[in-house]
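Report on the following structure.
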Amino acid sequence: MALLFASPDDDPVAWTRALRQRLPDLEVRVFPDLGDPAAIEAALVWLPPPGLLASLPNLRAIFSLGAGVDRLLEDPTLPADIPLCRMVDPSLTASMAEFVLLHVLRYHRDLDLYEAQQRRAEWRLVLPKPPSATVVGLLGLGELGAASARLLARHGFAVRGWSRTHKAIEGVRCFAGPEEFDAFLAEVGVLVCLLPLTPQTRGIVNASLFDRLPAGARLVNLARGAHLVEQDLLDALDTGRLAHATLDVFVQEPLPKDHPFWRHPRITITPHAASYSLPESGAEIVAENLRRLRDGRPLLHVVDRARGY
Ligand code: OXD
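First residue of the sequence shown: 241, per our numbering; consecutive thereafter.
Here it is as structure tokens:
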């Protein structure tokens, strides 16, 4: 069986090696060297050029290298009848939870304030408080949100989570649906967005959400840029409704050089760096799905296209 690997961000050599260690008969073709497209039965992709997957006449499965599949689903030529699988990989989940903890700790220990004070050469101590005094709210309790919530709870933070349907996670106060949205937000000091991007969640991080948070809350968006209404964030930071924001994802990536976020004193930017899948563990998941594809067994982590994740 031939698999097409296409990603501008992942190492094709490491992935090919890791896949072939598990499936020695697998032929891996690395975009743009497709060879005969008719021989390709599976594709492992991140941000493939629109139309690429539709050009493979015998494709039987699409595996995403990322947890989020919104960009794939936005391609109008994406073959409708071929299973699309999300990446659910322990290394991706662990690196996301680690990044969430990093930023929550940073806000909890007021490093954003100290960085601002440093710019003014100002020496002023903010008395530390215990983690239980910081309420962290996770928007999204899927694979990544739930793992992050558990890690935060283990560190002693007061953790709340909000999702479309009810979840039960030990140590986490779980809220669900539009009717519990206000109650979820009411006491959140650090809001972390880890939602999938769907028509329902696009623009969900907006002025009306900020108004429901306690004044001076901090925001961490690690999901997708389109969850956030950019001008609403700038306004909320200007009025002090929000104290600070950390953004890893943007509507346009790379973030254009003249974008106001770059130079804003109360925004921290990272270049879509929160989480990544290591070939050694991610390849295990893909290899298992390739075995299942070969044997005609049900694939793992198939996206519900109507739901969008
Ligand atoms: C993902 C991402 O979807 O890195 O995994 O954004």
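Ideal Cβ positions, reconstructed from N, Cα and C, are used throughout, including at glycine.
C-alpha gap between residue i and residue j, whole angstroms
i, j, result
"L244", "A457", "44 Å"
"P439", "D315", "15 Å"
"W502", "I509", "7 Å"
"S576", "T479", "Summary: the structure shown does not reach residue 576, with the chain confined to residues 241 through 549, and so no result is reported for it."
"G382", "D265", "34 Å"
"A389", "G401", "7 Å"
"S331", "R346", "22 Å"
"P494", "P288", "16 Å"
"L284", "R404", "28 Å"
"P519", "P323", "22 Å"
"L477", "P368", "23 Å"
"A423", "P454", "12 Å"
"L365", "S372", "20 Å"
"A393", "C433", "17 Å"
"A254", "G522", "11 Å"
"H406", "F421", "12 Å"
"G411", "D451", "27 Å"
"A546", "G417", "18 Å"
Residue i, enclosing beta strand (DSSP E) - first and last residue
i, result
"G377", "V375 to L379"
"S403", "A398 to S403"
"R534", "Premise fails: R534 lies in the alpha helix (DSSP H), P519 to D535, not in any beta strand (DSSP E)."
"E281", "I280 to V285"
"E427", "Run containing E427: none; DSSP gives neither H nor E here."
"F415", "V412 to A416"
"T441", "It is not in any beta strand (DSSP E) - T441 carries neither H nor E in the DSSP assignment."
"L244", "A242 to A246"
"E267", "E267 to V270"
Best match in the options for proximity to residue i [C-alpha to C-alpha]
i, options, result
"A513", "M241, A242, D250 and A246", "D250"
"A447", "A463, L474, Q440 and G429", "L474"
"I507", "F490, T256, Y516 and P519", "F490"
"P252", "P538, F271 and P297", "F271"
"P319", "I302, G385, R326 and S335", "I302"
"V376", "E427, R364 and D352", "E427"
"H467", "D451, I409 and V445", "V445"
"T441", "L379, D422 and S372", "L379"
"F339", "P436, P496, A463 and E493", "A463"
"G308", "L437, H504 and A386", "L437"
"V526", "V460, L341 and A282", "A282"
"L296", "G306, A279 and E267", "A279"
"E470", "A483, V460 and G443", "G443"
"E524", "I409, L259 and G275", "L259"
"N298", "E528, G291, A242 and G465", "A242"
"A386", "L341, S521 and Q357", "L341"
"D310", "H504, C325 and R300", "C325"
"T333", "G306, Q357 and D352", "G306"
"R537", "D544, R545, E267 and E528", "E528"
"R300", "R531, Y549 and L487", "R531"
"D488", "K497, G465, Q261 and P277", "G465"
"Y354", "H484, Q492 and D273", "H484"
For residue i: DSSP bridge partner residues
i, result
"A307", "Partner(s): none; A307 has no beta bridge."
"A301", "A282"
"T508", "T486"
"L324", "I302"
"V557", "The question about residue 557 has no answer here: the residues shown for the chain are numbered 241 through 549."
"L556", "Here the chain covers residues 241 to 549 and nothing more, so residue 556 does not appear."
Alpha helix (DSSP H) segment containing residue i, residue limits
i, result
"A457", "From DSSP, A457 is part of no alpha helix (DSSP H) but of the beta strand (DSSP E) over A457 to N461."
"V344", "P330 to H348"
"L487", "Unbroken run through L487 is the beta strand (DSSP E), L482 to L487; no alpha helix (DSSP H)."
"T256", "P252 to R262"
"Y354", "L351 to R359"
"D498", "Here D498 belongs to no alpha helix (DSSP H), and DSSP marks it neither H nor E."
"T317", "Taken as a continuous stretch (DSSP letters only), T317 belongs to no alpha helix (DSSP H), as it is neither H nor E."
"L384", "E383 to R394"
Cβ-Cβ separation, residue j to residue i (assumed contact under 8 Å), whole Å
i, j, result
"L425", "L391", "At roughly 21 Å, the Cβ-Cβ gap does not stay under 8 Å, so L425 and L391 are not in contact."
"V328", "T374", "Between T374 and V328 the Cβ distance is about 29 Å, and since that is not below 8 Å, they are no contact."
"L292", "S304", "Their Cβ separation, rounded to whole angstroms, is 14 Å, which puts L292 and S304 out of contact at 8 Å."
"V268", "H343", "That pair is no contact at about 36 Å."
"S247", "S515", "The pair is not a contact, with the Cβ atoms about 15 Å apart (cut-off 8 Å)."
Distance cut-off 7 Å: residue i Cβ against heavy atoms of ligand 3
i, result
"H343", "The ligand content of the structure shown is limited to ligand 1, which means ligand 3 is not among them."
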